[in-house]
Amino acid sequence: MEDQLLMSLEYGREYRTYFHIAQTWGVNESTVYRIIRKVEDELMKSGRFSLAGKKHLFNLENALKTVSR
């Protein structure tokens with residue numbers, strides 16, 4: 000269980016691909032996908048964790064600001 004959580008944290012924090020995580024852990028990409036989905040689903044069920052939805056991500060107020068010269 001600890002390894003599965005760590006794998007999910009690597010995905011969420013470092014934005015590594017399933018391929019790269021699979022290479023690190025010595026498993027298939029599909030295994031990485033299933034583990035990450037399972038961990039994220041359990042965290043969201045707990046009510047103490049949530050992921051931003053598409054509407055929030057595309058909200059203009061949350062858009063990145065750029066600076067031009």
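According to numbering that gives the first Met the number 0, the residues represented by the sequence shown are 0 to 68, in order. All C-beta atoms in this analysis are idealised placements derived from N, C-alpha and C, irrespective of residue type, glycine included. Note that this is a predicted model, so its numbers are computed, not measured.
| field | For Val38 and Ile20, believed in contact at Cβ under 8 Å, the rounded distance | value | Reading the sequence shown from its first residue, position 21 is the one you call residue 20. Reading the sequence shown from its first residue, position 39 is the one you call residue 38. Contact flag wrong, Cβ pair sits at about 12 Å.
| Beta-carbon contacts of Leu4 that lie in its chain and below 7 Å, excluding the five residues immediately before and after | Here residue 4 refers to the residue found at position 5 of the sequence shown. Answer for Leu4: Val38, listed in chain order.
| Rounded separation between Gly46 and Gly52 - CA only | If you number the sequence shown from 1, residue 46 lands on position 47. If you number the sequence shown from 1, residue 52 lands on position 53. In a straight line, the C-alpha of Gly46 is about 15 Å away from that of Gly52.
| request: Check whether the Cβ atoms of Glu9 and Phe18 lie closer than 9 Å to each other. | output: For this step, residue 9 is matched to residue 10 along the sequence shown. For this step, residue 18 is matched to residue 19 along the sequence shown. In this structure, Phe18 does not lie closer than 9 Å to Glu9 by Cβ.
| field | Rounded straight-line distance, which links the Cα of Lys54 to that of Val26 | value | The sequence position of residue 26 within the sequence shown is 27, counting from 1. The sequence position of residue 54 within the sequence shown is 55, counting from 1. The straight-line gap from Cα to Cα measures roughly 34 Å.
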